[in-house]
Each structure stands twice: as C-alpha cells, then as structure tokens.
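Presented below is the structure to which this report refers.
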Ligand code: HAM
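Numbering (our numbering), first residue to last: 738 to 1164.
What follows is the structure, given as structure tokens:
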C-alpha cells in the first residue's frame, strides 16, 4: 500500500521519564552495569534471568499494598487472556517466586543469585528518577547469618569502589524481628496518635506508622523528631544480629553510619536494612539499597526462610560518577579502523578485520566507497588508535599501511605479519 500524499510523517519520542543511552555514553552505562555485576559474581552469585512482567498479586503481596510502589506506581494491565500482569517494579519478589517455583531452596543454602535489568515505576520523572530504571541486584536466600548480611553490603561497596566511585556513604539500621517489631509498632503509633496529624497522615500511621517518619514536610518532621526508633527497642536476638553485622563491616573496613530513622520504600524488610547515598545527586540521592527479609518467602507461599539482598541503581551510579567527574569504560568504539581504497582492497581488509576480531580486537571499516579524507574522518570518530589503509598498489606489494592515529605516523607492514603487528601495538 502506498501512502497517500496527505499522510504526514509521524515522529516519536521515548515514553516520558524513560532514558535512552546512546553511543558513546552507552559504553559507560554498560561498564557500570558490568562492574557492579562482576562484584557480585566474584562472591559466588549466579545469574538469574527473570520475566519483565509477573502476576500482579506477586508484587501486591510481596512488596506491600501500603507502599507507594504498589499503590501508585505499578504498570499494571490486563493481557489478552484477561490476566492482571504488572511490569516488575523491583527484583526481589520475582526472585523469590522463581526460587519457590523451581525449588532452588532444596539445594545447598544459601541460594546466591544476581540479576541486572530494567524495572518500572510510574514515578514523577525528574533528574535521576526514571519510569524505566536499571538495577543490578543480588539475593542470598536461606541462611540467617549476620556475616552474610555483611558480605552482601561489602559486595555493593566493592562494586561502587571498583568503578572509582568514592563520594558515597553507607547508611545502616535494623528494623527488628518478629518479636520486637509488633511492640515497637504500637509504641510508635501511641506516639503518633498523640500528635496533631492531618487525616491522611493519621491513616498512614494506622496502616504503616514507619512511613510517617519518612514524611518530608517540615512541620511533620518537627513533630516526629523525638519519635521512638526501632533501634532503641530491638529484641536481644535482633540486637546481637545487628552488632555482629557491624563488627563484620568493621573487620572488612567497610565504612558506615547508623541511621535509625531510615525508611525504605518496600515493606518486606526486617533486621539489617541499608542504603547507599551519594551527595552529588540532589534529591534522588539513593544509589542502592537493600536489607534482610525474614517473612517474604513464607508470605509468597514458600518455606519460612530468611533472605538478604540489594538493588543498585545503574542509572544513578552513572550520574554519581559524572558528578565526581569520573568516566568508566572506554569511549573508543573500536581499536582498529580499516580504510580500503578500491573494491579489491575492501575484500582484503574485510578478511583482515575478521581475523583481527577473531583475536579479540575490535575492528570497524569504512563502508560506502568513501574518499580517503572522509574515511579517515570515520577513523577519527571511531576512537581507534590504529588505522589500516590499503589501495591497489599496497595489494600488489602485499602490504598494508598501518597508521598510528595518535602520531599520524604510517608504515607499510606485510599482509602476513599484520595481525601480529596490530596485536603487539595494542598490547
Ligand atoms: P529500591 O531501594 O527500591 O530497592 O531500589 C534500589 C535502587 O534502585 C535505588 O537505590 C535507586 O538507586 C534505584 N532506583 C529506584 N527507583 C528509581 C527510579 N525511579 N529511577 C532511577 N533509579 C531508581 C529495591 O528495589 C529492592 N528490590 C532492593 C533489594 C533487593 N532489597 C533486597 N533485595
């Protein structure tokens, strides 16, 4: 079908609040994601690839109906079979679903899993707050050992530092366990109900009083400044657990500050809870967060096993690196750029390019019969440190011109020696 002359071409933009990562900056994004994930793999976490969408109830039950994430921010829709599905707003609930469904907890414990990918939250977009966000996460399930809490935290800390990031701090607290939480909740509610709260806030205090401590309005902050905090009301067991986590962090030289008023946006946390905060990012300062979740697996129909994990924001880590004036990964797209002058040279250089790629060298080539000048411009833009130039005469002589892009110096190298010459120049 041909378009009628009156049809106007439509142009599209990415959905609101969703970033595109384009070359050359996208190389940094990939390096950040890879760097954070490598830190997890080095500690024995195995990759898990999960669906981007799940049964809506999984998140409602797992993350908590009273959270903003579930009540306001989910991308929920009915599929063509009229099932309610939701684009995953976070990773932990899906991992627990998979562990239960596939019986991964029947193997040696803890089950250690890591993942990376996009998550979706219908938040108000602003700098560092996106509707499609990218995380690297880990979950260690089935062992309630404070040493494991410290490992999870140390892995995140090492991941950030390996990227060169250092302007962040780790905030940590304990949200208590089954024995001390209910009493603390009552204590906090008693305190809150004595305040002159508006109706909405009062309702929040009834459903989840901790959320009121997270209220950013100055008058509420003032009123709740002396509110009791969980840390002062821990059971002996939860306190011992927390103290051991801190002792391990000290031994591992992972710096932290205790923040007894930390409130996380997800409901499943118990005991150790933490956030990595970067001051160069403005309001969206959380570059990662996580904690232990005692009741989640049971809540989702599995065994009564505890777990601990983190989610690190790849987008925000990239922004934090920029704020520190640091770059990661190579901005050069390739190492070598081939410039053929003529059809025969194009075949020979294409073969050499394939041989070099087989040796792990990144190679691109000028296509489209460009002039020498135009092709050299392409070489420049590619970031290559070596250009390979060949025309008719070079083919007859059995050589290729090898040009250093830094100095402009060019020498002829015999075809047969070319791969070795390039490898030695790049090493
Ligand atoms: P979370 O704190 O909701 O935790 O998210 C983790 C990180 O994802 C945040 O610290 C932040 O860097 C990034 N992030 C969250 N929302 C946005 C957004 N709208 N735009 C950009 N970045 C964002 C979780 O998701 C838990 N599942 C972590 C966890 C794993 N806890 C235990 N295991």
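All residues carry an ideal CB built from backbone N, CA and C; glycine is no exception.
What does DSSP give as the partner residue(s) for residue i in the beta ladder?
i            : result
residue 791  : 823
residue 851  : 784 and 875
residue 814  : 822
residue 1133 : Residue 1133 is not bridged to any residue.
residue 888  : None; residue 888 has no bridge partner.
residue 1110 : Residue 1110 is not bridged to any residue.
residue 1141 : 1123
residue 1147 : 1140
residue 1049 : 873 and 1025
residue 1101 : 1074
residue 1015 : 905
residue 857  : 869
residue 1044 : 878 and 1030
Skipping 5 residues on each side, what residues in its chain have a beta carbon closer than 6 Å to that of residue i?
i            : result
residue 739  : Residue placement at residue 739 is flagged as unreliable, the pLDDT there being 48, under the threshold of 50; the coordinate-derived value follows with that caveat. Closer than 6 Å at Cβ, skipping near neighbours: no residue.
residue 860  : 810 and 866
residue 896  : 773 and 776
residue 1004 : 801 and 804
residue 795  : 830 and 834
residue 1087 : none
residue 1022 : 1014 and 1015
residue 1090 : 1075, 1100 and 1102
residue 841  : 848
residue 1129 : 1079
residue 1041 : 1035
residue 884  : 985
residue 947  : 1000
In the structure shown, what three-state DSSP assignment does residue i receive?
i            : result
residue 995  : strand
residue 1063 : coil
residue 983  : helix
residue 866  : strand
residue 1009 : strand
residue 1072 : coil
residue 1031 : coil
residue 1077 : strand
residue 963  : coil
residue 749  : coil
residue 1115 : helix
residue 1002 : coil
residue 756  : coil
residue 1091 : helix
residue 1159 : helix
residue 839  : coil
residue 738  : Note that residue 738 has pLDDT 46, beneath the 50 cutoff, so the model's placement of it is unreliable and the number below is only indicative. In the structure shown, residue 738 sits in coil (DSSP, three-state: anything other than H, G, I, E or B).
residue 829  : helix
residue 761  : coil
residue 1020 : coil
In chain order, what residues of the same chain have a beta carbon less than 8 Å from the beta carbon of residue i, not counting five sequence neighbours either side?
i            : result
residue 862  : 753, 754 and 868
residue 751  : 757
residue 1002 : 804, 805 and 806
residue 1146 : 1140
residue 833  : 799, 876, 878, 1033, 1034, 1037, 1039 and 1044
residue 1006 : 912, 1028, 1029 and 1030
residue 921  : 913, 965, 967 and 970
residue 808  : 802
residue 1111 : 1103
residue 972  : 913, 914, 916 and 917
Near residue i, what residues of its chain come up, given a Cβ to Cβ distance below 7 Å and the 5 sequence neighbours on each side ignored?
i            : result
residue 1151 : 1135 and 1136
residue 1092 : 1156
residue 1065 : 765, 768, 769, 772, 900, 901 and 1058
residue 778  : 851
residue 881  : 1043
residue 1068 : 761, 764 and 1120
residue 735  : No answer is possible for residue 735: it lies beyond the span of the chain, which begins at 738 and ends at 1164.
residue 814  : 822
residue 812  : 823, 824, 857 and 859
residue 1116 : 1074, 1076, 1124 and 1142
residue 960  : 932
residue 1148 : 1139
residue 1179 : Any question about residue 1179 goes unanswered here, given that the chain covers just 738 to 1164.
Item to check | Contact the stretch 780-788 vs the stretch 1081-1088: 3+ CB pairs below 8 Å | outcome: no
Item to check | Segment contact flag, the stretch 1115-1126 with the stretch 1068-1081, C-beta cutoff 8 Å, min 3 pairs | outcome: yes
Next on the checklist: Taking contact to mean 3 or more Cβ pairs, one atom from each stretch, closer than 8 Å, check whether the stretch 1048-1062 and the stretch 913-926 are in contact.
Outcome noted: no
Item to check | the stretch 933-943 in contact with the stretch 976-984 per 3-pair CB rule at 8 Å | outcome: no
Item to check | Contiguous alpha helix (DSSP H) assignments of at least 4 residues, all confined to the stretch 890-956 | outcome: 918-930 and 936-944
Next on the checklist: Taking 8 Å as the cut-off, does the stretch 903-916 touch the stretch 789-798 (at least 3 CB pairs, one atom from each stretch)?
Outcome noted: no
Checklist entry - Taking three-plus beta-carbon pairs below 8 Å as touching, is the stretch 966-978 in contact with the stretch 992-1000? => result yes
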